[in-house]
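Colleague: Numbering (this note's numbering), first residue to last: 201 to 609.
We treat Cβ as the ideally placed atom computed from N, Cα and C, and that holds for glycine.
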Amino acid sequence: MPVTYRPVTMDEFDQFDLAVVRGFSAHPDPNPLFKDFARRVFEPERSVIAFDGETMVGTSSSVPFEMTIPAEKTLRLGGITEVTVSQTHTRRGILTGMMKQQLEAHHERGEPLAALWASESVIYGRFGFGLAVIHEHREIDRRHTAFAHAPEIRGQVKFVEKADAQEVFTPVFDRVCDRFPGMIRRTDLGWEAAITDFDGMFRKAPDLFYVIYEVDGVRTGYLMYRILHSVTDGHADNKVEIHELVAENDEATAALWRFCFDTDLASTISVGHGAPVDDGLQWMLSDPRRLKRSPYDGLWLRVIDVPVALAARTYSEEGSLVIRVEDAFCDWNNGTWRLEGGSEGAICAATGNAPDISMSAGDLAAIYLGGAKPSELARAGRVEGATGALGRADRMFATARKPWNVVDF
Ligand SMILES: CC(C)(COP(=O)(O)OP(=O)(O)OC[C@H]1O[C@@H](n2cnc3c(N)ncnc32)[C@H](O)[C@@H]1OP(=O)(O)O)[C@@H](O)C(=O)NCCC(=O)NCCS
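#1: Give the range of the beta strand (DSSP E) segment to which Leu445 is assigned.
#2: Taking just the CA atoms, how far does Ala509 sit from Val446?
#3: How should Thr204 be labelled, buried or exposed, when 16 other C-beta atoms within 10 angstroms of its C-beta is the threshold for buried?
#4: Given this structure, state the Cα-to-Cα distance separating Cys548 from Leu539, to the nearest angstrom.
#5: Extract the residue ranges of the beta strand (DSSP E) inside the stretch 384-438, only unbroken runs of 3 or more that lie entirely within it.
#6: Can you tell me which of the three DSSP states Leu331 falls into?
#7: What is the rounded straight-line gap between the Cα of Pro270 and the Cα of Leu491?
#8: Can you give me the C-alpha to C-alpha distance between Ser452 and Ile353, rounded to a whole angstrom?
#9: Can you pull the DSSP bridge partners for Glu266?
#10: Tell me whether the stretch 413-432 and the stretch 273-293 touch, counting them as touching only if at least three CB pairs, one residue from each stretch, are closer than 8 Å.
#11: So, is Thr587 buried or exposed, given that buried needs 16 or more other C-beta atoms within 10 angstroms?
#12: For ligand 2, I want to know if Leu389 counts as a neighbour, meaning its beta carbon is within less than 7 Å of at least one of the ligand's heavy atoms.
#13: Taking a contact to mean a Cβ-Cβ separation below 8 Å, would you say Tyr324 touches Ala332 in this structure?
#14: Restricting to runs no shorter than 3 residues, where is the beta strand (DSSP E) found entirely within the stretch 484-532?
#15: Opposite Tyr205 in the DSSP bridges: which residues?
#16: Please classify Ala580 as buried or exposed, where buried requires at least 16 neighbouring CB atoms within 10 angstroms.
#17: With a threshold of 7 Å, establish whether the CB of Gly316 neighbours any heavy atom of ligand 1.
#18: Would you say Glu245 and Pro207 are within 8 Å of each other, going by their C-beta atoms?
#19: I want to check one thing, is the minimum distance from the CB of Gly293 to the heavy atoms of ligand 1 below 7 Å?
#20: Name the DSSP bridge partner or partners of Lys358?
#21: Would you say Gly223 touches ligand 1, meaning its beta carbon is less than 7 Å from a heavy atom?
#22: Note down, in chain order, each residue of its chain lying with its Cβ closer than 6 Å to the Cβ of Ser560, except the 5 sequence neighbours on either side.
#23: Output the distance between the C-alpha atoms of Gly542 and Thr514, rounded to the nearest integer angstrom.
#24: Tell me which residue opens and which closes the alpha helix (DSSP H) that Thr536 is part of.
#25: Closest by CA to Asp236, which one among Ser486, Ala393, Glu308?
#26: Provide the residue span of the beta strand (DSSP E) that contains Ile547, from first to last.
#27: Is it the case that the Cβ atoms of Ala593 and Gly585 are separated by a distance below 8 Å?
#28: Hey, how far is the Cα of Thr296 from the Cα of Asn533?
#29: Given that a residue counts as buried once 16 or more other Cβ atoms are within 10 Å of its Cβ, and exposed if not, what is His349?
#30: Is the number of C-beta pairs between the stretch 256-264 and the stretch 373-383 that are closer than 8 Å three or more?
#31: Locate the beta strand (DSSP E) running through Ser470, then write down its first and last residues.
#32: In three-state DSSP terms, what is Glu243?
#33: Quick check: the stretch 421-429 against the stretch 288-308, are there 3 or more CB pairs under 8 Å?
#34: Comparing alpha-carbon positions, which option in Glu336, Pro228, Phe213 lies nearest Ser494?
Structural data, given as structure tokens:
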């Protein structure tokens with residue numbers, strides 16, 4: 201029987217939820233909070249579900265978001281999630297079928313971008329997703345956290361009650377969100393997920409602590425973290441696990457790191473995508489080699505509508521570029537596009553001119569937020585162009601801050 205694809209309705213949510221949990225090789229969690237939250241986030245009309253006869257054999261859904269794009273602008277984005285294929289039906293093209301329909305649906309709804317967190321980095325390049333946001337796991341031994349250089353810390357760190365955290369943190373987050381390409385704006389449901397920390401709850405980690413940094417009553421940064429308790433040979437060996445360290449200036453960044461580093465009875469401090477990779481920490485430390493850094497892929501971005509997305513951002517250098525885009529999966533993007541851009545805005549339209557640079561839709565996604573440089577991708581044989589054109593593309597697509605996103609979906 202051929203596999204068919206359609207959205208499900210809310211009446212089919214239980215079946216959908218079980219398929220997703222099983223598809224990720226997990227077991228349904230007895231805590232009803234998980235399923236209740238998944239139900240409230242789920243938008244059935246944005247799902248593309250695969251059926252073999254009556255049996256649900258593939259799942260995918262999408263959450264509408266706004267993402268910050270360079271510089272300090274936003275664009276509509278579909279956050280594709282809950283992608284699974286039943287173990288009884290893998291490697292028969294079902295993900296390919298669902299993804300085709302998802303991307304077409306995003307195009308029809310006028311969402312120029314889509315993004316996802318990938319369970320494995322080998323899966324999504326074939327569908328035109330590019331590695332646009334790279335995060336780092338950073339960890340340091342507390343004995344080696346002295347600062348050699350840091351902004352003066354004039355303010356005060358204060359604990360915040362869980363019930364107040366969203367209200368206190370939201371204005372800081374919103375201001376920081378504007379500055380980082382790749383940041384997804386947080387809705388109330390997003391705040392609920394961040395403050396509850398479902399991932400931590402799933403692995404039975406202790407509750408988070410919530411902290412704000414303020415100078416003369418002005419709040420400029422916040423921290424969510426937990427302590428993982430441990431005792432080795434009778435000595436406290438606790439680990440400070442940072443969930444989010446969000447700061448709107450260098451002073452707040454240094455103050456919140458210092459606060460974590462000054463945790464008595466702790467031996468290590470670690471963070472993943474809860475803090476931006478270019479926050480300057482290694483340059484503050486007197487012993488930077490002690491900071492262990494390990495990059496990992498964060499958001500994979502899909503440019504659904506090339507001319508709309510290219511015209512929506514601004515560019516760090518005034519200039520024009522003719523870009524040939526190959527897109528085997530979304531053929532409406534296939535073509536040669538003339539981009540004229542600068543700090544005030546851009547226009548982009550199809551052209552018959554010869555291209556300055558050529559690339560796949562996935563590589564365009566990788567450079568779109570300013571994460572990868574076109575010349576770097578050219579070194580890997582992914583982007584083609586003369587040295588002058590690649591240099592111009594590097595300068596035009598460059599961003600003040602590296603892409604970052606803390607919102608999980
Ligand atoms: C990842 C998953 C959705 C793939 O579904 P699928 O229906 O088997 O994928 P398709 O058959 O459409 O595969 C398309 C291509 O991708 C390749 N591929 C798919 N998943 C892959 C994986 N995990 N590792 C390596 N290659 C993979 C296939 O081999 C195929 O390659 P081909 O075109 O050269 O033949 C499925 O294996 C799954 O549910 N995994 C567990 C949950 C998960 O990781 N979901 C992704 C969440 S981000």
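Modeller: Let's see:
#1: Walking along the sequence shown from the start, residue 445 turns up at place 245. Run containing Leu445: 438-447, per the beta strand (DSSP E) assignment.
#2: Residue 446 sits at position 246 when you count from the first residue of the sequence shown. Residue 509 sits at position 309 when you count from the first residue of the sequence shown. Val446 and Ala509: Cα-Cα distance of roughly 27 Å.
#3: Position 4 of the sequence shown holds residue 204. Burial is judged here by how many other beta carbons sit within 10 angstroms of a residue's own beta carbon; Thr204 has fewer than 16 and is exposed.
#4: For the purposes of this step, residue 548 is taken as the residue at position 348 of the sequence shown. For the purposes of this step, residue 539 is taken as the residue at position 339 of the sequence shown. Looking at the backbone, the Cα of Cys548 and that of Leu539 are separated by about 4 Å.
#5: Those beta strand (DSSP E) runs which fall completely within the stretch 384-438 and span 3+ residues are 409-415, 418-428.
#6: In the sequence shown, the residue the question calls residue 331 occupies position 131. In the structure shown, Leu331 adopts extended strand secondary structure according to DSSP, grouped into three states.
#7: Walking along the sequence shown from the start, residue 270 turns up at place 70. Walking along the sequence shown from the start, residue 491 turns up at place 291. Each residue's Cα considered, the two are about 29 Å apart.
#8: Taking the sequence shown and counting its residues from 1, the one referred to as residue 452 is at position 252. Taking the sequence shown and counting its residues from 1, the one referred to as residue 353 is at position 153. It is worth fixing the name first, because residue 452 is Ala in this sequence and not Ser. Distance between the alpha carbons of Ala452 and Ile353: 8 Å.
#9: Translated into positions along the sequence shown, residue 266 becomes position 66. Answer is Arg276.
#10: With a cut-off of 8 Å, the stretch 273-293 and the stretch 413-432 do not count as touching, because too few Cβ pairs lie within range.
#11: Position 387 of the sequence shown, counting from 1, holds the residue named residue 587. Exposed, by the Cβ-count rule.
#12: The ligand content of the structure shown is limited to ligand 1, which means ligand 2 is not among them.
#13: Along the sequence shown, read from residue 1 onward, the residue named residue 324 stands at position 124. Along the sequence shown, read from residue 1 onward, the residue named residue 332 stands at position 132. Their beta carbons are not under 8 Å apart, which means Tyr324 does not touch Ala332 by this criterion.
#14: With a minimum length of 3 residues, the continuous beta strand (DSSP E) runs that stay inside the stretch 484-532 are 492-497, 499-503, 519-526.
#15: In the sequence shown, counting from the first residue as 1, residue 205 sits at position 5. According to DSSP, which records beta bridges pairwise, Tyr205 is partnered with Ala250.
#16: Locating residue 580 in the sequence shown gives position 380, counting from the first residue. Label assigned to Ala580: exposed.
#17: Translated into the one-based positions of the sequence shown, residue 316 becomes position 116. The question names Gly, but residue 316 in the sequence shown is Leu. Taking non-hydrogen atoms of ligand 1 into account, the C-beta of Leu316 is found less than 7 Å away from one of them.
#18: Stepping through the sequence shown from its first residue, residue 245 is reached at position 45. Stepping through the sequence shown from its first residue, residue 207 is reached at position 7. Taking 8 Å as the cut-off, the Cβ atoms of Glu245 and Pro207 count as close.
#19: Taking the sequence shown and counting its residues from 1, the one referred to as residue 293 is at position 93. Checking the Cβ of Gly293 against ligand 1 gives yes.
#20: As a working note, residue 358 is residue 158 in the sequence shown. According to DSSP, which records beta bridges pairwise, Lys358 is partnered with Ile412.
#21: The sequence position of residue 223 within the sequence shown is 23, counting from 1. Checking the Cβ of Gly223 against ligand 1 gives yes.
#22: For the purposes of this step, residue 560 is taken as the residue at position 360 of the sequence shown. Here Ser560 has Glu526 as same chain residues with Cβ atoms under 6 Å from its own Cβ, once five neighbours each way along the sequence are excluded.
#23: Stepping through the sequence shown from its first residue, residue 542 is reached at position 342. Stepping through the sequence shown from its first residue, residue 514 is reached at position 314. Between the C-alpha atoms of Gly542 and Thr514 there is a straight-line separation of about 6 Å.
#24: Locating residue 536 in the sequence shown gives position 336, counting from the first residue. Thr536 -> not in any alpha helix (DSSP H); beta strand (DSSP E) instead, spanning 535-541.
#25: Along the sequence shown, read from residue 1 onward, the residue named residue 236 stands at position 36. Comparing alpha-carbon positions, the option among Ser486, Ala393, Glu308 lying closest to Asp236 turns out to be Ala393.
#26: Working through the sequence shown from its first residue, we reach residue 547 at position 347. Annotation for Ile547: the continuous beta strand (DSSP E) segment containing it runs 546-550.
#27: Position 393 of the sequence shown holds residue 593. Position 385 of the sequence shown holds residue 585. Cβ atoms of Ala593 and Gly585: closer than 8 Å.
#28: Within the sequence shown, the letter at position 96 stands for residue 296. Within the sequence shown, the letter at position 333 stands for residue 533. Each residue's Cα considered, the two are about 18 Å apart.
#29: The count along the sequence shown starts at 1 and reaches residue 349 at position 149. Burial call: exposed.
#30: Short answer: they don't touch.
#31: For the purposes of this step, residue 470 is taken as the residue at position 270 of the sequence shown. Run containing Ser470: 466-471, per the beta strand (DSSP E) assignment.
#32: Here the question's residue 243 lines up with position 43 in the sequence shown. Coil at Glu243, not helix or strand.
#33: Pairwise C-beta distances place the stretch 421-429 out of contact with the stretch 288-308, as fewer than three of them are shorter than 8 Å.
#34: By 1-based counting over the sequence shown, the position of residue 494 is 294. With distances taken between Cα atoms, Ser494 lies closest to Glu336.
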